[in-house]
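Below is one structure, written out as structure tokens; comments come after it.
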Amino acid sequence: VHATLVDQARRGDAEAFDSLARMVGDRCMAIAFRILRDADLAEDAVQTALITAWRELRSLRNADLFEPWLHRILTHACYAEARHRTRWAAGIRVIPAESVHGLDNTLTVDDRDQLDRALRRLTIEQRAVLVFHYYLGLPISEVADRIGIPLGTAKSRLHHASRAMRASLEADARTSTTQERMA
Amino acid sequence: MTASRDPDRLIHAYFEEGVNELPDPVYDAVRARIEQTRQRADLGPWRTPTMRNLSNPLKIALAAAAGALVVIVGLGALHTGPGPGASPSATASASASASAPSSAFDGLVNAFLTARVAGDGAEQYLDAGNTTADGIPLLYATTSGARYERAEFEQVLGKAWPYGWTAFKVRLFAGDTVVEQLFFAGPDSSGLNYQVDGFGTEIPPTSENGQPVATSFVYFGGSVTFKAAHPWILSAPNTYPTPEGRLIPEGPDVPPTTDGGQRHEGWDRLYLIADPELGGAGCGRGPLSGDAAALAQSLRSNPDLGATAPLAVTVGGQQALVMDLVIPAGTSISVAANEGGDLCADGLLNAVTGGSMAYASGIATSQATGEKIRLYLFDVPAGLSMRIMAVVVVAPEARFQRAVDEAAPVIDSIEFHVP
């Protein structure tokens with residue numbers, strides 16, 4: 529379905545592109561939000577990416593690769609949003625009630641805060657690698673391809689970013705253990 | 002929280018949360034914009050640039066007006082204006098400007114260059130997002146400090162610039178010295194854009210009398226500095242555990258580096274690695290060997306690595322050991338990996354690992370690409386957080402000599418800084 533719509537859109541069919549955009553928009557939004565952690569910035573990035581994709585669509589050689597191609601454009605749109613707008617206000621979200629200290633692999637409020645803080649300390653490029661790897665579940669070689677960076681760079685970014693994220697959780701675990709002992 | 006919880010699962014769970022729906026008004030806005038946006042003709046595979054989402058037409062209009070005035074009064078910068086493939090003219094003239102094809106940004110470039118010749122106020126014509134750490138090199142004077150006397154520019158439309166970006170090569174003259182720089186502008190730009198890596202094109206971002214001007218880089222928290230110039234592109238300093246340089250390819254069979262998304266593939270590389278690992282389970286272990294000589298000997302004695310005997314050399318006033326390694330393509334090699342199966346960032350052989358990867362117990366097994374490694378091993382001064390630093394140059398045999406030659410001035414400029 530994608531390929532047919534891409535072909536039509538490539539010939540200037542705005543209706544086809546609109547349909548295409550609605551098929552891939554939610555996933556783009558999910559990716560952009562996770563990179564930027566701000567819904568407004570993410571919407572702007574997706575909008576920019578879709579318009580850019582329309583403008584450059586004729587350069588796409590293989591219609592089947594529309595979505596990976598779009599994700600690369602989206603990633604760069606996220607970079608631009610992050611660099612040009614420095615408002616990193618914390619997003620307001622509804623957090624489900626749960627225990628402060630999880631006993632399994634459920635995310636707790638503390639975990640989320642620690643990971644939020646760790647993520648915000650990472651560069652936007654490192655975040656993008658994390659999102660494509662952890663959220664989309666892509667192997668690192670495909671992450672490199674999709675973002676358009678060398679494999680070594682992708683590995684390096686993932687290594688550094690994952691370590692930072694894990695370290696934030698481990699630091700939290702140490703703090704919690706200490707507090708529990710003191711109590 | 003219990004210590005037994007799996008951090009990777011928690012990170013996965015963290016990324017599962019969040020907004021998953023694009024609101025309808027965004028689709029409507031996109032639809033409205035594309036109705037008014039013409040698709041670009043397919044001139045070739047595009048690269049993906051850093052996009053700007055800025056809009057300041059007033060500023061551009063004002064700059065254009067200022068530029069028009071500059072042309073009229075004949076000051077400073079003038080557009081020499083040859084189109085794609087045209088030869089640049091060293092002599093600017095009002096008549097050349099009048100007859101040459103012009104872009105919407107001519108006024109902006111004129112105003113920018115006029116300010117540079119005047120020695121003040123050029124920054125106002127730069128894109129608001131153009132916040133490069135080192136700014137624009139040689140903005141108002143040459144390396145020797147000579148002030149610019151005149152300037153000219155040409156549009157380099159011969160390049161397949163994507164996303165409506167226009168590129169300009171500007172030329173500033175100070176006596177016998179000519180400084181050339183590459184700038185970009187797009188439909189949404191608020192000014193001219195300079196990229197430290199020049200977007201990785203064949204044109205150096207800055208050159209002086211034809212020689213690319215080197216940029217200084219600081220890595221490993223200030224412990225290591227060096228300089229690199231076009232055709233190298235370096236990763237952002239202090240961002241990644243293994244700084245990486247990529248060599249812009251050359252040759253008649255090489256597509257222009259202004260081409261599309263695959264432009265990074267197959268580029269030769271240079272890495273700086275602190276306390277390099279070779280293999281073994283897990284990441285984050287200590288150095289493989291106590292010093293460079295021991296590491297070199299260990300590499301040399303491993304029959305799988307095809308290592309030459311280490312040779313003591315002096316590079317940039319510092320002692321190092323140099324040796325070549327080559328593992329035949331397709332050879333199964335094992336290197337250390339983290340718990341997710343990704344190669345350790347400080348793995349010496351990561352650079353020559355390709356294809357699919359099998360992971361088990363901290364070991365990742367893959368196939369050698371067959372590329373050649375030139376390895377420099379430095380014993381770093383005491384007081385730094387590392388004991389050995391490796392410089393790794395990677396290229397296939399056919400391009401190896403070029404990569405090594407291009408890497409030489411970079412390696413020569415390496416300096417260690419003890420706090």
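Protein chains in written order, with the numbering used here: chain A, 529 to 711; chain B, 2 to 420. Where is the CB? At the ideal position from N, CA and C, for every residue including glycine. As the structure is a prediction and not an experimental result, all values here were calculated from the model.
Exposed unless 16 or more other CB atoms sit within 10 angstroms - verdict on residue i
i, result
"proline 304/B", "exposed"
"leucine 312/B", "exposed"
"threonine 532/A", "exposed"
"asparagine 111/B", "buried"
"arginine 649/A", "exposed"
"aspartate 29/B", "exposed"
"valine 395/B", "buried"
"aspartate 572/A", "buried"
"glutamate 584/A", "buried"
"glycine 223/B", "exposed"
"glutamate 398/B", "exposed"
"aspartate 638/A", "buried"
"arginine 539/A", "exposed"
"serine 386/B", "exposed"
"proline 206/B", "buried"
"serine 587/A", "buried"
"glycine 680/A", "buried"
Start-to-end residues for the beta strand (DSSP E) that takes in residue i
i, result
"glutamate 153/B", "151-156"
"aspartate 269/B", "269-275"
"arginine 247/B", "245-248"
"glutamate 209/B", "207-209"
"glutamate 181/B", "178-186"
"glutamine 368/B", "364-369"
"isoleucine 334/B", "333-337"
"valine 1/B", "Here chain B covers residues 2 to 420 and nothing more, so residue 1/B does not appear."
"arginine 375/B", "373-380"
Residue i at chain B interface by Cβ criterion, 8 Å
i, result
"phenylalanine 561/A", "yes"
"methionine 551/A", "no"
"alanine 558/A", "yes"
"glutamine 575/A", "yes"
"alanine 567/A", "yes"
"histidine 688/A", "yes"
"glutamate 698/A", "yes"
"arginine 694/A", "yes"
"glutamate 571/A", "yes"
"phenylalanine 545/A", "yes"
"isoleucine 652/A", "no"
"alanine 610/A", "no"
"aspartate 639/A", "yes"
"alanine 542/A", "yes"
"arginine 586/A", "yes"
C-beta neighbour in chain A for residue i, strict 8 Å
i, result
"serine 236/B", "yes"
"threonine 332/B", "no"
"glutamate 22/B", "yes"
"arginine 148/B", "no"
"histidine 231/B", "no"
"phenylalanine 16/B", "yes"
"proline 250/B", "no"
"threonine 366/B", "no"
"tyrosine 220/B", "no"
"asparagine 351/B", "yes"
"asparagine 194/B", "no"
"proline 277/B", "no"
"leucine 127/B", "no"
"alanine 346/B", "yes"
"glutamine 182/B", "no"
Residue i: first and last residue of the uninterrupted alpha helix (DSSP H) it sits in
i, result
"aspartate 325/B", "Not the alpha helix (DSSP H): aspartate 325/B falls in the beta strand (DSSP E), residues 319-327."
"phenylalanine 16/B", "8-17"
"methionine 387/B", "Per DSSP, methionine 387/B belongs to no alpha helix (DSSP H) and is neither H nor E."
"serine 669/A", "668-675"
"phenylalanine 545/A", "542-564"
"phenylalanine 113/B", "107-119"
"isoleucine 137/B", "Isoleucine 137/B -> no alpha helix (DSSP H), and no H or E assigned at all."
"isoleucine 415/B", "Per DSSP, isoleucine 415/B belongs to no alpha helix (DSSP H) and is neither H nor E."
"threonine 580/A", "567-584"
"tyrosine 28/B", "25-36"
Cβ distance (whole Å) where residue i is taken to contact residue j below 8 Å
i, j, result
"threonine 38/B", "tryptophan 582/A", "6 Å"
"asparagine 21/B", "methionine 557/A", "7 Å"
"arginine 685/A", "valine 657/A", "4 Å"
"isoleucine 389/B", "proline 244/B", "That pair is no contact at about 15 Å."
Chain B contacts from the stretch 656-686 of chain A (Cβ-Cβ distance under 7 Å): Val659, Tyr662, Tyr663, Ile668, Gly676, Ile677, Pro678, Gly680, Thr681, Lys683, Ser684, Arg685 and Leu686
Residues within the stretch 23-37 of chain B neighbouring chain A, beta-carbon criterion of under 8 Å: Leu23, Pro24, Val27, Tyr28, Ala30, Val31, Arg32, Arg34, Ile35 and Glu36
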